[in-house]
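Input: a single structure, listed below in structure tokens.
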Amino acid sequence: MRPSRREFLKWVSASGITLSLSRLGAAKAAVLPPRAQLPGRGGWNPAANGAGRIDGVAKVTGAKLYASDFRASDLPGWPQNTSHAILVRAPDATHVYTGMDLARLSGALKPSVVVTAADLDKIGTRVPAFYAGDLFCPVGKTPIYMGQPVALLIFETFDAFDRARLALRDGTFVTFGEETGPVAMPDYGAYRFTRVAGATPDALDVYSPILAGWVSPGRSQMSPLPVWSPLAKETPALYSKAAAHGEKIRGELAAKNPNLLMLDREFETQSVDPMFLEPEAGLAWYSGKDESLELVLGVQSPYDAADAIAHMLGKARAPFKPARINAQFTYLGGGFGGRDHTPFVLYVALAAMFFPNHPVRLAHDRYQQFQAGIKRHAFKMRSRIGVDRATGKMLAFAADHVLDGGGLANLSGQVATVAATAAIGIYDIPKVDVTTVALHSRGVTAGSMRCYGTLQSMTALEVLVDEVATALPLDPIEFRRRNLLKPNGRTMAGNTYSVSVRTPEILDKLEKHPIWQQRAQQKSAARPGTLVGTGVACVTKDYGTGADCSLARVELSAEGRITIYCDHVEMGNGIGTALANRVAIYLGAVADEVSVARIDSYDVLGLVTSGDSYTMDQKTQDKAEKDPRWVPAISSATSASIGAHVGTHSAAEAARVIFRFGLWPAALELWSIAANDPRAKDWAKAQWKDGHLMMSGLAPLPLPLLAAKAHARNLVTGAVAHGFSRWEWSRARFPINGEQYRAEIDALAVRKGNAAFARIDRVSVRFPPTVNNQSGNTYTSACGALVRVEIERATGALRIGNAYTVFECGRALVPEVVLGQAQGGFAMAVGYALLETLPPFEGGPGNGQWNLGQYLVARGSDLPLRDLELELLPPLTPDEPPKGIAEVVMIPVVPAILNAIFDATGHRFQSLPVTANLLKGVLA
Amino acid sequence: MTKLSITINGRAHGPTDVRDDLSMNDFLREYLGMTGTKFGCGAAQCLSCAVIIDNPDGTSFTSPTCVVSAVSFDGKAIRTVEGHAKNGELTTLQKAFIEHFSFQCGYCTAGFLNEGQVLLERLAKTPVARADLEKTIAEALDGHICRCTGYIKYHEAVRDVILADSKRYLVANQ
Chain A
372 MRPSRREFLK WVSASGITLS LSRLGAAKAA VLPPRAQLPG RGGWNPAANG
422 AGRIDGVAKV TGAKLYASDF RASDLPGWPQ NTSHAILVRA PDATHVYTGM
472 DLARLSGALK PSVVVTAADL DKIGTRVPAF YAGDLFCPVG KTPIYMGQPV
522 ALLIFETFDA FDRARLALRD GTFVTFGEET GPVAMPDYGA YRFTRVAGAT
572 PDALDVYSPI LAGWVSPGRS QMSPLPVWSP LAKETPALYS KAAAHGEKIR
622 GELAAKNPNL LMLDREFETQ SVDPMFLEPE AGLAWYSGKD ESLELVLGVQ
672 SPYDAADAIA HMLGKARAPF KPARINAQFT YLGGGFGGRD HTPFVLYVAL
722 AAMFFPNHPV RLAHDRYQQF QAGIKRHAFK MRSRIGVDRA TGKMLAFAAD
772 HVLDGGGLAN LSGQVATVAA TAAIGIYDIP KVDVTTVALH SRGVTAGSMR
822 CYGTLQSMTA LEVLVDEVAT ALPLDPIEFR RRNLLKPNGR TMAGNTYSVS
872 VRTPEILDKL EKHPIWQQRA QQKSAARPGT LVGTGVACVT KDYGTGADCS
922 LARVELSAEG RITIYCDHVE MGNGIGTALA NRVAIYLGAV ADEVSVARID
972 SYDVLGLVTS GDSYTMDQKT QDKAEKDPRW VPAISSATSA SIGAHVGTHS
1022 AAEAARVIFR FGLWPAALEL WSIAANDPRA KDWAKAQWKD GHLMMSGLAP
1072 LPLPLLAAKA HARNLVTGAV AHGFSRWEWS RARFPINGEQ YRAEIDALAV
1122 RKGNAAFARI DRVSVRFPPT VNNQSGNTYT SACGALVRVE IERATGALRI
1172 GNAYTVFECG RALVPEVVLG QAQGGFAMAV GYALLETLPP FEGGPGNGQW
1222 NLGQYLVARG SDLPLRDLEL ELLPPLTPDE PPKGIAEVVM IPVVPAILNA
1272 IFDATGHRFQ SLPVTANLLK GVLA
Chain B
489 MTKLSITING RAHGPTDVRD DLSMNDFLRE YLGMTGTKFG CGAAQCLSCA
539 VIIDNPDGTS FTSPTCVVSA VSFDGKAIRT VEGHAKNGEL TTLQKAFIEH
589 FSFQCGYCTA GFLNEGQVLL ERLAKTPVAR ADLEKTIAEA LDGHICRCTG
639 YIKYHEAVRD VILADSKRYL VANQ
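Chains as they are written, first to last, in the numbering used here: chain A, 372 to 1295; chain B, 489 to 662.
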């Protein structure tokens, strides 16, 4: 069973709370945070020409876009004044929490409300399963992690709040008693991925996860660690088979075999912070009169945030249970996974419920964001690889991963499996055995930060591969080429990729690049007192989670104005611009208005769901899908590089419906082409050029003329669509105008003319089979990197001289955004490799004393701003679907830096970050 | 409490009673609702909170607002991100940031915009040699942290604005 990314708790029926989203629509004339009003095609709109983001003007003029920007007075219908809350957290997780000494908050500084664990007990809140653990540490218990909340302090005025937070800044008012040591908790997931390939590349696997299912080991009451042995009495039968194969592989690796080069290495990675620039913030107001909880939040997972809040309050006693929840979601000042399934939103809601009729703002400062924000997992990895000395072919690989998940489970199980199934990177290795376990610790909660899991496991792999190449010896690129997974080859989960695999092309590019060709020359020409080295690495990275949803509504007005609504979130990834450009492929013009992070615009579909899309069996899915409104999941977090591929999918499909059943028949009429004319079926031959629909031998038709005709004839002028991907898209047929329309969506509604949207029940559907849940990723993008470093012998100071990364993303919807993400990924990789680190426990960020200055991220001066060359491979075909790249562009840079450091110094670092002090130490 | 009088984007504010320990960032964001100036770290390390201070002598410089008290701005004239565009017309630098896709999430943009604008105005008064341009831009922008973009497109935008009007910003005959 694979771990679920989300818990679809069926709160609507269970709690009786209505997630009343329609009201958002009624309020749309006012200030909807995520709405990007564009200047229109007549005004200065660089996005219309592909030269700018749709949110560009708003962002350079300081418009209110982010959750941290909004106060009650900005929101229509809200009371004018904003109250403020402080979320007090425990800086200790080895002693009993005894309470707070708030004596220093006297007089005007006294909080209006103090909310503790005892208060939650009184009102009967529930902790959503995903966030299992006390929302507040009760007095008398040891906090389960550093930074666990202990109380909310709510102040009616900003002045009182501001003075109180200064008075409380040192954190010493949170008091502790007896030392207990850290609280022991179960692990967050343990898995074993074992594959034994058949005798030939075409033969069936002897054993693989896709054939046998994903397996987890047994557990012993005597130990917090899983029991990995296949023979122990706790061992489940399914696991035992995998483990038996795995132990055999390990035995072969351990055997004395002179023909086999075997390396056994340990590699450790550190905890780091996403360090998005906008600390988490939210605003909420509970109107007692209306029993309505209003929220303004900035998260990557809006649907799940609303779901979790509703569950939390679903069984609360009056007056703490809202009748409805209205949530508005904003742009994000960065995300990188740190706002995906963040528990922060729960406390925003609680602040409002405990101070009814007062809008309350909860906002982290940077210290609090370091103390509580979701982190990247620290890994400890041991890897063994066996390579045939004669052929240079990798024969077997075994690894053991241990992840520090921190205080709450969050997405640790998913991170562990993603890391494990990426453990052999771009290679074809016939025998693989990887165990992984994500452990609870008293550290700050870790989650799904950019490149989660794969950054760690593929960095360790690419450093190991470089060492093997040196030991054989073989040229590092040639060694990689000999072992590449072929396009139709099987991954370590036993599946094949369903998209292009362009690693051969990427290796060729790397090999021919001057940085690689001139590496020896540059090394020997190093300035006195410096060492020069060049490193290479190449990886492939999944995009998607295996249960991804896409929701969109596209509308075309009689004047030809295009409006797009989408449930995915803008966190800098350019989703709004990508939506506009992808829809323009079908409608001939960039949208006039794009509204992202909207989960309220698709009610007409009447979607229902049940079960867990990650774990359900085929029989359950077959039964459920008979309801034409049922889908395996409704909405996804914006994560896992799915923006281009998933986030824009349904908007594209909706636009295609508008074209096919709105603009195309309008064009036929304007061209006086009869329905029985063979040309009436030639919609695929039509092309847009400069806002005109073009067909050979016919007059160009401008979009406004077509839109006016479509409206006048009550043709399709709007569409709402939902798609679901489990490593392939759902497909369905819909009766439209007497035709069975097939599309890669599973729910559809259309608007004709100016009428209301009406749902079209699908007449058949094929959801991706549930066996795909046993697959590893099938959507993958590749990236290679070359890095040249120059290191001062005396100081260990490292400068990146120049660098090159080459990658592919299918059809780039917004090439400038793609390149920008690659540049940003490079910078984040440099920080991860050389600068960023957080101690895990005491002395680490959970103590509430960390900020920038202590925590170093890459600045411009750390980067080769003029000497970073990026190459984006053109799509294989003009219509190749877009692929996600926001993560993969970061990964190879890290091992390439480490391999360059080895080339320069002869020292192979096996942990991160490699600081100047460490370099100085090995050069002494 | 201290009286604060300040000119923001050409408009006089105050005198207003403010607490001595109120930060300028909170004065802008909480009391004036001017949230274009961001709060990033509260430690003057990221400079997403930077504003432009205009001196009476016509020179300008940027200052963080997160660690600086509001009252220390008494009598000063400042510019924030909200004040760059005039009558809806974006400045050359604002347009360049958009056309170069300089930002992604945009949270650091106000700080970069203010810093870049001060640099342009300084170069207009004191041009530099073309050979020193890269170093000049790098030194001007290096205090600002951007977590999304890798900085390159910010630098490109500033460079392009300068090179597009090189007579104004660069020493002649270079």
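The beta carbon of each residue, even a glycine, is placed where N, CA and C say it ideally should be.
Just measuring C-alpha positions, the residue of A891/A, L958/A, A568/A, S966/A sitting nearest D1061/A is L958/A. Bounds of any beta strand (DSSP E) do not take in N1270/A; it lies within the alpha helix (DSSP H) bounded by 1264-1276. Distance from the CA of M942/A to the CA of W585/A, rounded to the nearest whole angstrom, comes to 33 Å. The distance from the Cβ of V545/A to that of T513/A is about 13 Å, inconsistent with a contact at the 8 Å cut-off. Per DSSP, L634/A lies in no alpha helix (DSSP H) segment; the continuous beta strand (DSSP E) that holds it begins and ends at 631-639.
Counted as a single uninterrupted DSSP element, the beta strand (DSSP E) harbouring R1170/A occupies residues 1169-1179. Taking one beta carbon from each stretch, the region 656-675 of chain A and the region 468-476 of chain A have fewer than 3 pairs nearer than 8 Å; the two do not touch. Taking a beta-carbon distance threshold of 8 Å, R656/B does not count as an interface residue toward chain A. In this structure, the beta-carbon distance from V486/A to L539/A does not fall below 8 Å. The bridge partners DSSP lists for R1130/A are A1120/A.
Per DSSP, the continuous beta strand (DSSP E) segment holding A809/A begins and ends at 802-810. Proximity of H501/B to chain A, defined by a Cβ-Cβ separation below 8 Å, is not satisfied. Its chain contains G1094, E1115 as the residues whose beta carbon lies nearer than 6 Å to that of W1100/A, once the 5 sequence neighbours on both sides are disregarded; these appear in chain order.
Comparing alpha-carbon positions, the option among T1248/A, G796/A, T496/A, A995/A lying closest to S828/A turns out to be G796/A.
Judged by their CB atoms, L480/A and A531/A are nearer to each other than the 8 Å cut-off.
In this structure the region 1123-1138 of chain A does not lie against the region 864-876 of chain A, because fewer than three pairs of beta carbons, one per stretch, are closer than 8 Å. With distances taken between CA atoms, S663/A lies nearest to K692/A out of T606/A, K692/A, A687/A.
Closest in C-alpha terms to V649/B, from the list E622/B, N575/B, D630/B, comes E622/B. Look at the beta carbons and you see the region 1226-1237 of chain A not touching the region 1250-1260 of chain A: under three pairs across the two are nearer than 8 Å. A buried status is given to R566/A, since no fewer than 16 other beta-carbon atoms sit within 10 Å of its beta-carbon.
The continuous stretches of alpha helix (DSSP H) do not include D505/B, which lies in the beta strand (DSSP E) extending over residues 499-506. Under the DSSP assignment, G1089/A falls outside any alpha helix (DSSP H), being part of the beta strand (DSSP E) whose first and last residues are 1087-1096.
When Cβ pairs closer than 8 Å are counted between the two stretches, the region 904-915 of chain A is seen to touch the region 828-839 of chain A, the count reaching three or more. Using beta-carbon distances, A652/B does not count as an interface residue toward chain A, since no partner is under 8 Å. A767/A is the residue among T980/A, A767/A, E550/A, W599/A whose C-alpha sits nearest the C-alpha of I620/A. Inclusion of R1159/A and T816/A in the CB contact set at 8 Å is not warranted, their separation being larger than that value. Judged by beta-carbon spacing, G757/A lies beyond the 8 Å limit of L843/A, meaning their Cβ atoms are not closer than that value. Contact between the region 938-952 of chain A and the region 590-607 of chain B is present: three or more C-beta pairs spanning the two stretches fall below 8 Å.
Per DSSP, the unbroken alpha helix (DSSP H) holding Y657/B starts and ends at 654-657.
In this model, N1125/A and W1059/A are separated by some 24 Å (Cα to Cα).
Sixteen is the threshold: when 16 or more other Cβ atoms of the shown chains lie within 10 Å of the Cβ of K1080/A, as they do, the residue is buried. Uninterrupted alpha helix (DSSP H) stretches at least 4 residues long and entirely within the region 932-1012 of chain A occur at 946-958, 989-995, given in chain order. CA-to-CA, the gap between A723/A and A681/A works out to about 14 Å. Nearest CB-CB separation between F591/B and chain A: below the 8 Å threshold.
Taken through DSSP and simplified to helix, strand or coil, W449/A comes out as coil. Among the CB atoms of chain A, none fall inside 8 Å of the CB of F561/B.
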